[in-house]
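Notes to accompany the following structure.
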Amino acid sequence: MLVLGLNTAFSTMEAALVRDGEILTDLREAMPRGQERRLPGLVAEILSTEHLTLADLDRIAVVTGPGSFTGLRIGVAYARGLALVTRAEAIGVTSLEAAIPPGFEGPALGCLQAQRRPPDQTWWVQGIAEGEGIAEVMEVSLADLTHMLTGFHAPVFMDGAEALGPLAKSLDLRPLLPSAITAALKASAFRPAKHPPTPVYARAPDATLPAPRG
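With the sequence shown counted from 1, adding 296 to any position gets you the working numbering.
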């Protein structure tokens, strides 16, 4: 199975090719803006390095977030469009799932920093088992996260762990690094119905549509 992995959820845009669990190649570019213009070219480049075409793809794995609102929309829309054109299956992989190394066994917690400035720091968290999310992504405050992690024994994949203070020393902390490679590796085993290519917006919209007039 040939899988194209895409990650546009952050300031570095990534693409990766994986065939039957083997990493063929990957490309990444620091690009906080203009991803919608560059993404098709990046995909064309990564395919050409392996002498492949879009028609060779079996699945398209896309990191669905949380992350940059605009970046997520770009990546998901592009993955959906490719799926329609190529008839390859599009698989959504959350940012937390894409940060837990392939082959990791047992339960874990992914914690991706959202609001970074004290005193309003928050994290997006998701429970993971056997590399796959077992609960919806939710955003929690530092106080709630501290309470959640007190007495926690499973590995915690986290960025911004210094905010935990002394509690950090009692935890099995590991780096949190979402990647297109991990998304592609996991997508071959994920069930499409359970992992749709739908953006994960952990925070509710700031505005609501007006109610229809009677």
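Beta carbons are placed, not taken as given, at the ideal position from N, Cα and C, and that holds for glycine.
query: Starting from Asp-322 and walking both ways along the beta strand (DSSP E), at which residues does that stretch end?
result: 318 to 326
Which of helix, strand or coil DSSP assigns to Leu-481: helix
Cross-strand partners of Gln-331 (DSSP beta bridge): Beta-bridge partners of Gln-331 (DSSP): none assigned.
query: Rounded C-beta distance between Arg-324 and Thr-308? I'm assuming under 8 Å.
result: Their Cβ separation, rounded to whole angstroms, is 5 Å, which keeps Arg-324 and Thr-308 in contact under 8 Å.
task: Please name the residue or residues paired with Arg-487 in a DSSP beta bridge.
output: In DSSP, Arg-487 forms no bridge with anything.
task: Note down the Cα distance separating Pro-492 from Gly-388, rounded to an integer number of angstroms.
output: 5 Å
- prompt: Is it the case that the Cβ atoms of Thr-382 and Leu-353 are separated by a distance below 8 Å?
  reply: Judged by their CB atoms, Thr-382 and Leu-353 are nearer to each other than the 8 Å cut-off.
query: Can you list, in chain order, the residues of its chain whose CB lies under 6 Å from that of Ala-480, leaving out five sequence neighbours each side?
result: Val-299, Gly-301, Ala-312, Val-314, Ala-357
task: Could you check the C-alpha separation between Asp-416 and Gly-456 for me, to the nearest Å?
output: Near 13 Å, if we compare the C-alpha coordinates of Gly-456 and Asp-416.
task: Just the C-alpha distance for Ala-386 and Ala-464, rounded to the nearest angstrom, thanks.
output: 37 Å
message: Can you tell me which residues form a DSSP beta bridge with Met-434?
response: DSSP lists Val-421 as partners of Met-434.
task: Give the DSSP-derived three-state secondary structure of Ala-503 in the structure shown.
output: At Ala-503 the pLDDT is 42, less than 50, meaning the model places this residue with poor confidence; the figure from the coordinates comes in the next sentence. If DSSP states are grouped into helix, strand and coil, Ala-503 belongs with coil.
- request: Grab me the residues of Asp-502's own chain with a C-beta within less than 6 Å of its C-beta, minus the 5 sequence neighbours each way, in chain order.
  value: Residue placement at Asp-502 is flagged as unreliable, the pLDDT there being 48, under the threshold of 50; a coordinate-derived value is accordingly withheld.
- prompt: Do Thr-304 and Gly-367 have their CB atoms nearer than 8 Å?
  reply: yes
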